[in-house]
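One structure is given here, and the rest of the page talks about it.
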Amino acid sequence: MDAERLARISDLAAECRPIHASAGGMDAVQELLSARRVPVMDSVLVTRKLLGDVPHALGEAKWLVLGAPSRSEERDAHRRLTEGLYEAVYALSEEEREKPPN
Numbered sequence: 063m064d065a066e067r068l069a070r071i072s073d074l075a076a077e078c079r080p081i082h083a084s085a086g087g088m089d090a091v092q093e094l095l096s097a098r099r100v101p102v103m104d105s106v107l108v109t110r111k112l113l114g115d116v117p118h119a120l121g122e123a124k125w126l127v128l129g130a131p132s133r134s135e136e137r138d139a140h141r142r143l144t145e146g147l148y149e150a151v152y153a154l155s156e157e158e159r160e161k162p163p164n
């Protein structure tokens with residue numbers, strides 16, 4: 063990741079910290095990031111920074127970003143991608159099982 067992108071993510075996290083601490087909490091953070099059209103991956107990294115250095119923070123951040131109501135398009139795209147990958151892996155494993163032993 064380039065230095066400019068890292069700086070942008072750090073700046074966004076600093077800006078979002080008081081929003082996260084406010085009554086709106088993480089929902090307000092996700093709405094802001096979505097309204098600004100911050101890409102999903104960058105939003106996940108910002109959210110992870112807000113969660114702190116805790117186990118499973120990256121997975122939780124992904125869930126929070128893709129679970130936001132304002133991210134329905136991205137969530138659907140992610141679902142289609144993961145379903146497509148699952149189907150491809152399943153098809154490959156079926157091919158391998160059907161091959162005669164050497």
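Using this note's numbering, you'd call the opening residue of the sequence shown number 63 and step up by one each time.
All residues carry an ideal CB built from backbone N, CA and C; glycine is no exception.
Residue interval of the alpha helix (DSSP H) (run including residue i)
i           : result
residue 141 : 134 to 160
Short Cβ contact (8 Å threshold) for residue i with residue j
i          : j           : result
residue 84 : residue 75  : no
residue 92 : residue 155 : no
residue 97 : residue 109 : no
Coil, strand or helix - residue i by DSSP
i           : result
residue 106 : helix
residue 82  : helix
residue 63  : coil
residue 99  : coil
residue 73  : helix
residue 116 : coil
residue 123 : helix
residue 90  : helix
Euclidean distance between Cα positions of residue i and residue j
i           : j           : result
residue 152 : residue 164 : 22 Å
residue 94  : residue 117 : 25 Å
residue 146 : residue 107 : 25 Å
residue 102 : residue 114 : 18 Å
residue 136 : residue 121 : 16 Å
residue 77  : residue 143 : 31 Å
residue 99  : residue 71  : 13 Å
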